[in-house]
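Asks:
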Amino acid sequence: VQALLRAAATTAGGVVNIGTETETSVLELLEELSRLHGPGAPEPEFAPARTGEIDRSCLDATRARQLLGWRASTPIADGLAQTYASVVAAG
Numbered sequence: 019v020q021a022l023l024r025a026a027a028t029t030a031g032g033v034v035n036i037g038t039e040t041e042t043s044v045l046e047l048l049e050e051l052s053r054l055h056g057p058g059a060p061e062p063e064f065a066p067a068r069t070g071e072i073d074r075s076c077l078d079a080t081r082a083r084q085l086l087g088w089r090a091s092t093p094i095a096d097g098l099a100q101t102y103a104s105v106v107a108a109g
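Under the working numbering, the first residue of the sequence shown carries the number 19, and numbering increases by one thereafter.
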């Protein structure tokens, strides 16, 4: 949230990546969400990858540090847990 507020307050244009700068695979995200859900979590269905499909991501947040003075302070597992709890609470 802080990164978005800082970005809204700047007049600089261009792309600013907001992320942890830690490589995370789609499978790791799925496993963490399944753990948060607990028993009864839907089982994934795997299919062959499509052309251009990504299986992991690692954003370079250098510009966020330089332009916004921002650095990720929440580990991805904690952020997923907070987001998941909010979605569950909202129904």
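For glycine and all other residues, C-beta sits at the position ideal for the given N, C-alpha and C. Source: prediction; values computed, not measured.
Report buried or exposed for alanine 108, applying the criterion of at least 16 other Cβ atoms within 10 angstroms of its Cβ.
Replies: Stepping through the sequence shown from its first residue, residue 108 is reached at position 90. Exposed: under 16 other Cβ atoms inside 10 Å.
Asks: Could you tell me the boundaries of the alpha helix (DSSP H) in which serine 52 lies?
Replies: Numbered from 1 along the sequence shown, position 34 holds the residue referred to as residue 52. Its alpha helix (DSSP H) spans residues 44–55.
Asks: Less than 7 Å separating the beta-carbons of alanine 90 and threonine 38?
Replies: Locating residue 90 in the sequence shown gives position 72, counting from the first residue. Locating residue 38 in the sequence shown gives position 20, counting from the first residue. Cβ atoms of alanine 90 and threonine 38: closer than 7 Å.
Asks: Let me know if alanine 79 comes out buried or exposed under the rule of 16 or more other beta-carbons within 10 Å of its beta-carbon.
Replies: Sequence index remark: in the sequence shown, residue 79 carries index 61 (1-based). Alanine 79 is buried by the Cβ-count criterion.
Asks: Helix or strand or just coil, what does DSSP make of serine 91?
Replies: Taking the first residue of the sequence shown as position 1, residue 91 is located at position 73. Three-state DSSP puts serine 91 in coil, outside helix and strand.
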